[in-house]
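Chains as they are written, first to last, in the working numbering: chain A, 1 to 203; chain B, 1 to 203.
Protein chains: 2
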Amino acid sequence: MYGAFSAVVTALKDAVGSPYDLIPLDMMRYGEGGMAGYGSLCGAINGASAAITLVAGEEHYKKLVTELLTWYTQTPLPTEISNQYAVNHEFLVDELKTDEPLPQSVSGSTLCHVSVTKWCLASGYASGSKERSERCGRLTGDVAAKAVELLNLLADNAFESALSLSEEAETCRACHKKGDDFDAGQFTRGKENCLNCHENPHK
Amino acid sequence: MYGAFSAVVTALKDAVGSPYDLIPLDMMRYGEGGMAGYGSLCGAINGASAAITLVAGEEHYKKLVTELLTWYTQTPLPTEISNQYAVNHEFLVDELKTDEPLPQSVSGSTLCHVSVTKWCLASGYASGSKERSERCGRLTGDVAAKAVELLNLLADNAFESALSLSEEAETCRACHKKGDDFDAGQFTRGKENCLNCHENPHK
């Protein structure tokens, strides 16, 4: 969370100054590991969404945050660009945990727990390995870059959503969405891929 | 997220002033409905965790955020205190969606989707109902109050964790936790109740 938030806000602080120089970046430390290691929401998208909202404001944040989350769940991460940055030592950090290209995986979820587990199973690396830690660092760079890309599109008045929710989510959401009709299935809300956790209850 | 964060930070701004008067509260709008309606992390605990980290700092946030999340997953919400505040019109808002006492439920999860669904099923109210909306408002007050309680304990040097993870999580985490041994099951991380999403794979 701190990584993605501070990447965007520090760049704005350097380029623009106030109010971006007044925000205590360390406030965002808690998002790491899906909330202090709890494995809930991925900290990278939590921090990037705060930065998006800070810049885009109440009128625009919703469509950009939704796009960021859907992109995160559907994109092989870390990206090839991120892997190449590491190989070429182009990241703005003194030391990498490894400069090898890392395997990619698609999370299908906004959650740290799911994202890390899928990557570990795809790569064969353990969750406490330096490679997993480096993977999350590269992914954080990818998410910060995507957030800036979305903000730049908004600034150019050129943002249009390019992504759809998963087919599974769209199918279930035909009935199971936020709404007023309990008996029609509107006793829930959300846009994640339902089949990550639920078997199809209508089989 | 905005609700819990602004509750704590506005009180600090009024009592202490700087730096709490410099933080753009609207930056936290994105957390509502589990990230702009995505149904991921509950916004109340996201915002309260930011406030905790802002006050407690890097050295102390982890134990308080972990305690807050575990409390959230195990506590019948909204609390009776919160229901009584509503009945007596003691909340600091001009208008309530309803001033009736509301049914309670235990989420067993940090996620908006799970928390809302369990409450809808327990109460019979739809996810788009004014009662569900009011329920999330009261719950946000409960979470902000808990965060302040934890911060006050820390300030008095009296904080001790009073809660344990769910029995299911502790059982699974005997093998499946963050660590270096992939073959021993350390290809994942997290502290949620595993059986929310997973059947027992060892049966």
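No residue lacks a Cβ here, since even glycine has one placed at the ideal position from N, Cα and C.
Nearest neighbour of residue i, chosen from the options [CA to CA]
| i | options | result |
| --- | --- | --- |
| Tyr-30 of chain B | A:Pro-19, A:Tyr-61 and A:Thr-10 | A:Tyr-61 |
| Ala-155 of chain A | A:Tyr-20, A:Cys-197, A:Leu-139 and A:Leu-64 | A:Leu-64 |
| Ala-86 of chain A | A:Leu-150, A:Asp-142 and A:Pro-76 | A:Asp-142 |
| Leu-54 of chain B | B:Gly-39, B:Met-35, B:Ser-18 and B:Leu-41 | B:Ser-18 |
| Lys-13 of chain A | A:Asp-21, A:Ser-6 and A:Ala-7 | A:Asp-21 |
| Gly-33 of chain A | A:Tyr-72, A:Ala-51, A:Val-114 and A:Gly-108 | A:Val-114 |
| Leu-25 of chain B | B:His-202, B:Gly-57, B:Val-9 and B:Gly-39 | B:Val-9 |
| Asp-180 of chain B | A:Glu-100, A:Tyr-38, A:Arg-132 and A:Ala-56 | A:Arg-132 |
| Cys-136 of chain B | B:Ile-45, B:Cys-194 and B:Asn-88 | B:Ile-45 |
| Ala-48 of chain A | A:Glu-192, A:Trp-71, A:Met-1 and A:Phe-91 | A:Met-1 |
| Ile-23 of chain A | A:Ala-56, A:Gly-108, A:Lys-178 and A:Ala-50 | A:Ala-50 |
| Glu-80 of chain B | B:His-176, B:Gly-108, B:Glu-59 and B:Arg-138 | B:Arg-138 |
| Ala-11 of chain A | A:Val-116, A:Val-148, A:Gln-74 and A:Ser-107 | A:Val-148 |
| Lys-146 of chain B | B:Glu-167, B:Lys-118, B:Ser-82 and B:Leu-165 | B:Ser-82 |
| Ala-144 of chain A | A:Val-16, A:Glu-199 and A:Phe-91 | A:Phe-91 |
| Gln-74 of chain A | A:Ser-6, A:Lys-191, A:Lys-203 and A:Gln-84 | A:Lys-191 |
| Gly-43 of chain B | B:Met-27, B:Glu-58, B:Ala-56 and B:Gly-57 | B:Met-27 |
| Gly-108 of chain A | A:Asn-200, A:Asp-183, A:Tyr-38 and A:Ser-164 | A:Ser-164 |
Neighbourhood of residue i by C-beta, 7 Å cutoff - its chain only, sequence neighbours within 5 removed
| i | result |
| --- | --- |
| Glu-134 of chain A | Leu-96, Lys-97, Thr-98 and Leu-102 |
| Gln-104 of chain B | Pro-76, Leu-77 and Pro-78 |
| Asn-88 of chain B | none |
| Leu-195 of chain B | Glu-168 |
Contact list for residue i against chain A, beta-carbon separation under 8 Å
| i | result |
| --- | --- |
| Thr-53 of chain B | Asp-26, Met-27, Met-28, Arg-29 and Tyr-30 |
7 Å Cβ cut-off: residues of chain B touching residue i
| i | result |
| --- | --- |
| Leu-121 of chain A | Phe-187 |
| Thr-117 of chain A | Phe-187 and Thr-188 |
| Ser-49 of chain A | Tyr-30 and Met-35 |
| Leu-102 of chain A | The premise fails here: Leu-102 of chain A is roughly 15 Å from chain B at the closest Cβ pair, so nothing lies under 7 Å. |
Cutoff 8 Å; reference residue i; Cβ partners in own chain excluding five residues on either side
| i | result |
| --- | --- |
| Met-130 of chain A | This sequence places Lys at residue 130 of chain A; Met is not what is there. Closer than 8 Å at the Cβ level, and outside the excluded window around Lys-130 of chain A, lie Lys-97 and Thr-98. |
| Pro-40 of chain A | This sequence places Ser at residue 40 of chain A; Pro is not what is there. Closer than 8 Å at Cβ, skipping near neighbours: Gly-34, Leu-111, Cys-112 and His-113. |
Residue i: contacting residues in chain A (beta-carbon distance under 7 Å)
| i | result |
| --- | --- |
| Val-65 of chain B | Tyr-30, Met-35 and Ala-36 |
| Pro-19 of chain B | Pro-24 |
| Glu-58 of chain B | Asp-26 and Arg-29 |
| Lys-62 of chain B | Ala-36 |
Boundaries (first-last residue) of the alpha helix (DSSP H) holding residue i
| i | result |
| --- | --- |
| Leu-292 of chain B | Residue 292 of chain B is absent from the structure shown; chain B starts at 1 and stops at 203. |
| Lys-191 of chain A | No alpha helix (DSSP H) contains Lys-191 of chain A, which DSSP labels as neither H nor E. |
| Gln-84 of chain B | 80–87 |
| Val-9 of chain B | 2–16 |
| Val-116 of chain B | 112–123 |
| Cys-172 of chain B | 167–173 |
| Arg-132 of chain B | 130–155 |
| Ala-158 of chain B | Where Ala-158 of chain B is concerned, there is no enclosing alpha helix (DSSP H), given that its DSSP letter is neither H nor E. |
| Thr-53 of chain B | 43–56 |
Neighbourhood of residue i by C-beta distance below 6 Å, restricted to the same chain and skipping five residues each side
| i | result |
| --- | --- |
| Gly-3 of chain B | Thr-140 |
| Cys-120 of chain B | Ser-127 |
| Ala-36 of chain A | Tyr-30 |
| Ala-174 of chain A | none |
| Ser-166 of chain B | Asn-193 |
| Ser-6 of chain B | Leu-25 |
Amino acids of chain B, ordered along the chain, whose beta-carbon sits closer than 8 Å to that of residue i
| i | result |
| --- | --- |
| Lys-191 of chain A | Gly-37, Tyr-38 and Gly-39 |
| His-113 of chain A | Thr-188, Arg-189, Gly-190 and Glu-192 |
| Gly-179 of chain A | Ala-126, Ser-127 and Gly-128 |
Closer than 9 Å at the beta carbon, the chain B residues around residue i
| i | result |
| --- | --- |
| Asn-196 of chain A | Cys-197 |
| Leu-69 of chain A | Met-35, Ala-36, Tyr-38 and Ser-40 |
Should the stretch 181–196 of chain B be called in touch with the stretch 120–140 of chain A, which here means at least 3 C-beta pairs below 8 Å?
-> yes
At a cut of 8 Å, does the stretch 64–75 of chain A reach the stretch 152–166 of chain A through at least three beta carbon pairs?
-> yes
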